[in-house]
Amino acid sequence: MPEPQNVPEEYSHVPSDSYILQRHYAASARLNLQHHLYRQAIGYLLHPSIPIQEDMKVADIACGTGIWLLDLADAFPPNAILDGFDISADQFPHESTLPPNVTFGVLDGMKEIPEELVGKYDVVRVSLIVLVVKDGEPGGWIENLMRLLKPGGYLQWTEGNMPAYIARHTTHPSDPARFPNMHAFEQFYLSMLSKQPPGIHDWVTHLGTHFEKHGLQEVEYKQFDVPKRYWPAWTDVMMLTAEEVS
Ligand SMILES: C[S@@+](CC[C@H](N)C(=O)[O-])C[C@H]1O[C@@H](n2cnc3c(N)ncnc32)[C@H](O)[C@@H]1O
1 MPEPQNVPEE YSHVPSDSYI LQRHYAASAR LNLQHHLYRQ AIGYLLHPSI
51 PIQEDMKVAD IACGTGIWLL DLADAFPPNA ILDGFDISAD QFPHESTLPP
101 NVTFGVLDGM KEIPEELVGK YDVVRVSLIV LVVKDGEPGG WIENLMRLLK
151 PGGYLQWTEG NMPAYIARHT THPSDPARFP NMHAFEQFYL SMLSKQPPGI
201 HDWVTHLGTH FEKHGLQEVE YKQFDVPKRY WPAWTDVMML TAEEVS
């Protein structure tokens with residue numbers, strides 16, 4: 001792949017796995033801002049119906065910078081186990097900065113779960129893997145996340161419904177000749193919307209149904225709107241995301 005022209009070196013890194021976003025410091029800052037915006041919109045870190053216990057074990061899969069666990073750490077005693085996993089350690093904070101109950105490790109959430117992690121966690125959490133889930137089918141991820149859970153454990157999945165967002169807001173699609181990368185980005189998101197047949201399912205909108213199909217019980221699917229005062233900040237995040245992809 002040819003190097004992009006006129007791009008500073010730290011912005012021209014292409015991840016060696018198939019991840020289409022970046023992992024440089026600006027990408028980490030974007031993830032952290034995004035996390036705080038999601039937190040504002042949702043109103044909690046851990047779903048309020050999940051009881052917090054002394055020796056609770058929580059795993060955040062595809063955790064990126066680990067910001068969700070770092071925010072959660074204060075709510076748990078030092079003997080709780082808060083484990084963050086990601087396919088890449090590039091965005092993990094340095095271990096010298098971690099609270100005593102937080103650790104990070106490398107794990108591919110799409111591969112077989114190592115035996116020592118099977119059935120280990122009370123809560124498994126995942127967020128914002130819409131660009132990682134392949135072919136509009138989250139089933140493999142759901143199965144793997146469930147394997148990490150103790151019987152009776154909780155799965156909490158926070159997702160950005162980007163295809164629906166783009167469909168609502170893309171009234172003037174980018175000219176493919178002038179803005180090929182932006183055009184591809186819009187098409188990528190739009191391709192996730194239901195098209196019958198054939199087509200890729202809009203799995204984010206139907207995540208609750210996917211959960212039930214895989215045997216999860218007491219499923220709650222909630223949609224949150226972005227408060228208007230945060231629209232400009234969310235737009236900045238969307239633009240930064242588009243820049244990373246391009
Ligand atoms: C958009 S980021 C979201 C990070 C974090 N969950 C958050 O909400 O800030 C997606 C993350 O998925 C990770 N990822 C991609 N493929 C993965 C895989 N197969 N297994 C585990 N993590 C993966 C990426 O490295 C990246 O950190």
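Residues in the sequence shown are numbered consecutively from 1, following UniProt numbering.
Built from N, CA and C at the ideal position, the CB exists for glycine as well.
Contact check, residue i vs residue j, beta carbons under 8 Å
{"i": "E244", "j": "A89", "result": "no"}
{"i": "G153", "j": "Y121", "result": "yes"}
{"i": "T65", "j": "N32", "result": "yes"}
{"i": "L98", "j": "L72", "result": "no"}
{"i": "W203", "j": "G136", "result": "yes"}
{"i": "P227", "j": "A41", "result": "yes"}
{"i": "Y19", "j": "V133", "result": "no"}
{"i": "T158", "j": "Y38", "result": "yes"}
{"i": "R125", "j": "Q156", "result": "yes"}
{"i": "G109", "j": "I50", "result": "no"}
Under the three-state DSSP convention, the category residue i falls into
{"i": "residue 294", "result": "Coverage of the chain is limited to positions 1 through 246, which leaves residue 294 absent and any answer about it impossible."}
{"i": "T97", "result": "helix"}
{"i": "A91", "result": "Reading the sequence as shown, one finds Gln at residue 91 and not Ala. In the structure shown, Q91 sits in coil (DSSP, three-state: anything other than H, G, I, E or B)."}
{"i": "Q187", "result": "helix"}
{"i": "T241", "result": "helix"}
{"i": "K57", "result": "strand"}
{"i": "L107", "result": "coil"}
{"i": "N6", "result": "Residue confidence is low: N6 scores 49 on pLDDT, short of 50, so the model does not pin down where it sits. Its coordinate-derived value is still stated next. Of the three classes helix, strand and coil, the one that applies to N6 here is coil, per DSSP."}
{"i": "I142", "result": "helix"}
{"i": "L117", "result": "helix"}
{"i": "G84", "result": "strand"}
{"i": "Q196", "result": "With a pLDDT of 46 at Q196, under the threshold of 50, the predicted position of this residue should be treated as unreliable, though the coordinate-derived value follows. Coil."}
Nonlocal neighbours in the same chain, by C-beta distance under 6 Å from residue i, ignoring five residues either side
{"i": "L107", "result": "F85"}
{"i": "F185", "result": "A242 and V245"}
{"i": "M56", "result": "A80 and D122"}
{"i": "L240", "result": "R30"}
{"i": "P78", "result": "P100 and N101"}
Cβ-heavy atom distance, residue i to ligand 1, below 7 Å
{"i": "A62", "result": "yes"}
{"i": "M239", "result": "no"}
{"i": "T65", "result": "yes"}
{"i": "I113", "result": "no"}
{"i": "S246", "result": "no"}
{"i": "I81", "result": "no"}
{"i": "H36", "result": "no"}
{"i": "Y19", "result": "yes"}
{"i": "I52", "result": "no"}
{"i": "L31", "result": "yes"}
{"i": "M110", "result": "yes"}
{"i": "Q156", "result": "no"}
{"i": "S28", "result": "no"}
{"i": "V132", "result": "yes"}
{"i": "I142", "result": "no"}
Endpoints, the alpha helix (DSSP H) within which residue i is located
{"i": "S28", "result": "Y25 to I42"}
{"i": "W203", "result": "Unbroken run through W203: none, as it is neither H nor E."}
{"i": "D71", "result": "I67 to L72"}
Neighbourhood of residue i by C-beta distance below 8 Å, restricted to the same chain and skipping five residues each side
{"i": "residue 247", "result": "It is not possible to answer for residue 247, since the shown part of the chain is limited to 1 through 246."}
{"i": "V118", "result": "R147 and L148"}
{"i": "G215", "result": "M146"}
{"i": "D17", "result": "I87 and S88"}
{"i": "E54", "result": "P77, N79 and A80"}
{"i": "I52", "result": "L46, A75 and F76"}
Host beta strand (DSSP E) of residue i (start-end)
{"i": "R125", "result": "Y121 to S127"}
{"i": "M152", "result": "Looking at the sequence provided, one finds Gly at residue 152 rather than Met. Segment L149 to T158, the beta strand (DSSP E) holding G152."}
Contacts around residue i, its chain only, beta-carbon distance under 7 Å, and the 5 residues preceding and following it disregarded
{"i": "L82", "result": "V58, L69, L72, A73, F76, N101 and V102"}
{"i": "Y221", "result": "L207 and G208"}
{"i": "P176", "result": "H183"}
{"i": "H35", "result": "I67 and W68"}
{"i": "G139", "result": "H210 and H214"}
{"i": "R229", "result": "none"}
{"i": "G199", "result": "Because G199 carries a pLDDT of 42, less than 50, the predicted location of this residue cannot be relied on, and the following value inherits that uncertainty. Nothing listed; no residue qualifies."}
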